[in-house]
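Quick notes on the structure that follows.
2 protein chains.
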Amino acid sequence: MSLIVICSVAFDTLETPHGRRERILGGSGTYCSLAASFFTEPKLVAVVGEDFPEDAIELFKSRGIDVQGLKIQSGKTFHWEARYGDDPNQRTTIKTELNVFGDFRPQLPQDYREADIVFLANIDPDVHEDILSQVKSPKLVAMDTINFWIKTKPDPLLKVLEKVHVYFGNDEEIKTLAREPNLVRAGKKLLERGPSFIVIKKGEHGALVLGKDSVFGVLAYPCEKVIDPTGAGDSFAGGFLGYLDKIKAFDKEEEIRKASVYGSVMASFTIEDFGISRLKSLRLEDIEKRFSQFKKLVSF
Amino acid sequence: MSLIVICSVAFDTLETPHGRRERILGGSGTYCSLAASFFTEPKLVAVVGEDFPEDAIELFKSRGIDVQGLKIQSGKTFHWEARYGDDPNQRTTIKTELNVFGDFRPQLPQDYREADIVFLANIDPDVHEDILSQVKSPKLVAMDTINFWIKTKPDPLLKVLEKVHVYFGNDEEIKTLAREPNLVRAGKKLLERGPSFIVIKKGEHGALVLGKDSVFGVLAYPCEKVIDPTGAGDSFAGGFLGYLDKIKAFDKEEEIRKASVYGSVMASFTIEDFGISRLKSLRLEDIEKRFSQFKKLVSF
Numbered sequence: 003m004s005l006i007v008i009c010s011v012a013f014d015t016l017e018t019p020h021g022r023r024e025r026i027l028g029g030s031g032t033y034c035s036l037a038a039s040f041f042t043e044p045k046l047v048a049v050v051g052e053d054f055p056e057d058a059i060e061l062f063k064s065r066g067i068d069v070q071g072l073k074i075q076s077g078k079t080f081h082w083e084a085r086y087g088d089d090p091n092q093r094t095t096i097k098t099e100l101n102v103f104g105d106f107r108p109q110l111p112q113d114y115r116e117a118d119i120v121f122l123a124n125i126d127p128d129v130h131e132d133i134l135s136q137v138k139s140p141k142l143v144a145m146d147t148i149n150f151w152i153k154t155k156p157d158p159l160l161k162v163l164e165k166v167h168v169y170f171g172n173d174e175e176i177k178t179l180a181r182e183p184n185l186v187r188a189g190k191k192l193l194e195r196g197p198s199f200i201v202i203k204k205g206e207h208g209a210l211v212l213g214k215d216s217v218f219g220v221l222a223y224p225c226e227k228v229i230d231p232t233g234a235g236d237s238f239a240g241g242f243l244g245y246l247d248k249i250k251a252f253d254k255e256e257e258i259r260k261a262s263v264y265g266s267v268m269a270s271f272t273i274e275d276f277g278i279s280r281l282k283s284l285r286l287e288d289i290e291k292r293f294s295q296f297k298k299l300v301s302f
Numbered sequence: 003m004s005l006i007v008i009c010s011v012a013f014d015t016l017e018t019p020h021g022r023r024e025r026i027l028g029g030s031g032t033y034c035s036l037a038a039s040f041f042t043e044p045k046l047v048a049v050v051g052e053d054f055p056e057d058a059i060e061l062f063k064s065r066g067i068d069v070q071g072l073k074i075q076s077g078k079t080f081h082w083e084a085r086y087g088d089d090p091n092q093r094t095t096i097k098t099e100l101n102v103f104g105d106f107r108p109q110l111p112q113d114y115r116e117a118d119i120v121f122l123a124n125i126d127p128d129v130h131e132d133i134l135s136q137v138k139s140p141k142l143v144a145m146d147t148i149n150f151w152i153k154t155k156p157d158p159l160l161k162v163l164e165k166v167h168v169y170f171g172n173d174e175e176i177k178t179l180a181r182e183p184n185l186v187r188a189g190k191k192l193l194e195r196g197p198s199f200i201v202i203k204k205g206e207h208g209a210l211v212l213g214k215d216s217v218f219g220v221l222a223y224p225c226e227k228v229i230d231p232t233g234a235g236d237s238f239a240g241g242f243l244g245y246l247d248k249i250k251a252f253d254k255e256e257e258i259r260k261a262s263v264y265g266s267v268m269a270s271f272t273i274e275d276f277g278i279s280r281l282k283s284l285r286l287e288d289i290e291k292r293f294s295q296f297k298k299l300v301s302f
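Chains as they are written, first to last, in our numbering: chain A, 3 to 302; chain B, 3 to 302.
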């Protein structure tokens, strides 16, 4: 049982219209596991350098995150620098220093290999295959990727997709991978490649979840205060998968719907402050309150 | 009682990835009144040239649309030419020949002046004032406009806004008019200028409806077949206002929510074929069926 999250843990330097933060804790694994930690006890798989601070590891532990799979390697931690415009979708990457993340080839600790849910985030598709071979009999494999891998390694990626149950992608990525300009048709084409659900993340416009015979739409929470959009998508995945792991549901459509709303709820909190600040101060009752507000938001 | 629609009636020449159509019936008034005609008997106010075909007028009449306010003037009908890319949001206007629409100064027929609902579409804001002075005691004034007027006549526009109950705009227009980059805050700023509801149209991402103490989100129907996006926004307004006129509700939040869904339903049909083709073949049961599908789409 449990959820393993194979992602990056990084330092982020971020500039938004609301300020600048230097080398704060970031990376998809950080956002995803913190968001999931409100629902379950995720197991993190990532690599950091010797410069990675002890208090960040303590933070993970304090949230019940298993860090056995967090490898500390000689060298520096992955560092990413980006700037956002007035429109949160306008993001410019200024620097990507992969450092120890560059040749990350995860070896899963023994008790991670029994996981129910495996989340493969933005890593080389060839590494995805290797990780999956280490997990005994996962009930749900989820994957997220980025345009870089879609463009450079589409074939290995489509091959991994055959083993994936839930695929997360943004609208651009889904269209590119499916080679189809209509978003719904693109999602349906990817469903034919294996996954049971395609979760199309649309940023401030929410997400569309396509199943074999179902369509579900979840809005993004209408935020008046978007301080830093970093980590929204990873928080979505964390809320989504954390919820499914908590209730031990792996393919029920009604639970996938709720999981999507929890995903959108977690993303809506993350963007309210820089980095993981809002996730750190968050309480379970804030999450449940916003979940109810999502119901009200779409009821007619 | 009843709904008056003050809009353009035009010929459109359209090119989309699915084909090209020359000088087909279009204009905001055409889409809006046809969409509204499934709910009520709208009264059209527009101007066309001597080249306007009799069968188009017959079509309006056959749908129960009052055409007393459709003035035929010496000269040519408004002609607009546009091209869409693979992404339906990529629209290039190729030609705008205003012709008789250029100096459109509507005089409302006597029985139009008793209207409950007035829809002021994309016309010079100074003309809006003049029209409103002709209507006795409207219960709901709705307005839509375009970036051209927002940029060239923001002050007269904001003045009209004081008399408007429902303002329709796309996300870009709302942000520009409010001079605020955050969409939700922009909408709230406009609410302070008079309207009870701001309907933010987001194309394929649906719409956000902001009230003084409420937020409602409606999705766009996930269409696999977007043949021609022209008229989606006007069909939304037609469905929205037609429904409110039918049930004689003018400010109840729960009815505004349903009206928004009917708006999105009508828009979703319009884009399934070129011009008004889909609206012509549409039946009431298609509308009700899709309304139910919208419920299913967001339920969790």
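The C-beta atom is built at its ideal place from N, Cα and C for all residues, glycine as well. Computed from a predicted model, the values in this text were never measured in an experiment.
How long is the line joining the alpha carbons of residue i and residue j, rounded to whole angstroms?
i, j, result
"Val228/A", "Leu221/B", "21 Å"
"Thr178/A", "Asn149/A", "8 Å"
"Ile67/B", "Leu46/B", "7 Å"
"Phe1/B", "Leu36/B", "Only positions 3 to 302 of chain B appear in this structure, which leaves residue 1/B out of reach."
"Ser294/A", "Phe271/A", "14 Å"
"Ile176/A", "Gly189/A", "6 Å"
"Arg65/A", "Ser39/B", "57 Å"
"Leu286/B", "Met268/B", "11 Å"
"Pro231/B", "Trp82/A", "39 Å"
"Leu134/A", "Arg107/A", "12 Å"
"Val186/B", "Glu226/A", "6 Å"
"Thr15/A", "Arg93/A", "13 Å"
"Lys250/B", "Ile6/A", "55 Å"
"Gly219/A", "Gln70/B", "42 Å"
"Lys97/A", "Ala84/A", "7 Å"
"Cys34/A", "Leu212/B", "31 Å"
"Asn101/B", "Leu142/B", "31 Å"
"Gln112/A", "Phe242/A", "25 Å"
"Asn184/A", "Glu256/B", "33 Å"
"Ala239/B", "Tyr114/A", "54 Å"
"Glu52/A", "Asp128/A", "26 Å"
"Thr42/A", "Leu163/A", "25 Å"
"Val217/B", "Ala234/B", "22 Å"
"Gly28/B", "Asp215/B", "36 Å"
"Lys266/A", "His130/B", "Before going further, note that residue 266/A is Ser rather than Lys in the sequence given. Rounded to the nearest angstrom, the two C-alpha atoms are 41 Å apart."
Along chain B, in chain order, which residues have C-beta atoms closer than 7 Å to that of residue i?
i, result
"Val300/A", "Gly219, Val300"
"Cys225/A", "Val186"
Should residue i go down as buried or exposed, given a rule of 16 or more other Cβ atoms within 10 Å for buried?
i, result
"Glu194/A", "exposed"
"Thr32/A", "buried"
"Pro197/A", "buried"
"Gly87/B", "exposed"
"Thr18/A", "buried"
"Thr154/B", "exposed"
"Pro224/B", "buried"
"Thr95/B", "exposed"
"Ile125/A", "buried"
"Gly244/B", "buried"
"Asp173/B", "buried"
"Ser301/A", "exposed"
"Glu56/B", "exposed"
"Gly104/A", "exposed"
"Arg181/B", "exposed"
Taking residue i as the query, report the chain A residues whose CB atoms sit under 8 Å from its CB, ordered along the chain.
i, result
"Lys204/B", "His207"
Along chain A, which residues have their Cβ under 7 Å away from the Cβ of residue i?
i, result
"Leu210/B", "Pro224"
Tell me whether residue i, by its Cβ, gets closer than 7 Å to a heavy atom of the ligand NAP.
i, result
"Trp151/B", "Of ligands this structure carries none, so the ligand NAP is not represented either."
*Hey, which unbroken runs of the beta strand (DSSP E) at 3 residues or more fall wholly within the region 114-175 of chain B?*
119-122, 142-146, 168-172
*Pull out every residue of the region 228-240 of chain B whose Cβ sits closer than 8 Å to any Cβ of chain A, in chain order.*
Val228
*Below 8 Å between beta carbons is the criterion; list the residues of the region 246-277 of chain A that meet it against any residue of chain B, in chain order.*
Glu256, Arg259, Lys260, Ser262, Val263
*Selection of the region 166-197 of chain B by Cβ proximity to chain A, strictly under 7 Å*: Pro183, Asn184, Val186, Arg187
_Any C-beta of chain A within less than 8 Å: which residues of the region 85-110 of chain B qualify?_
Asp88, Asp89
*For the region 214-270 of chain A, which segments carrying the alpha helix (DSSP H) assignment without a break, of at least 4 residues, lie completely within its bounds, in sequence order?*
The region 214-270 of chain A contains these whole alpha helix (DSSP H) runs: 234-249.
*Whole beta strand (DSSP E) elements within the region 12-46 of chain A, 3-residue minimum*: 12-18, 21-28
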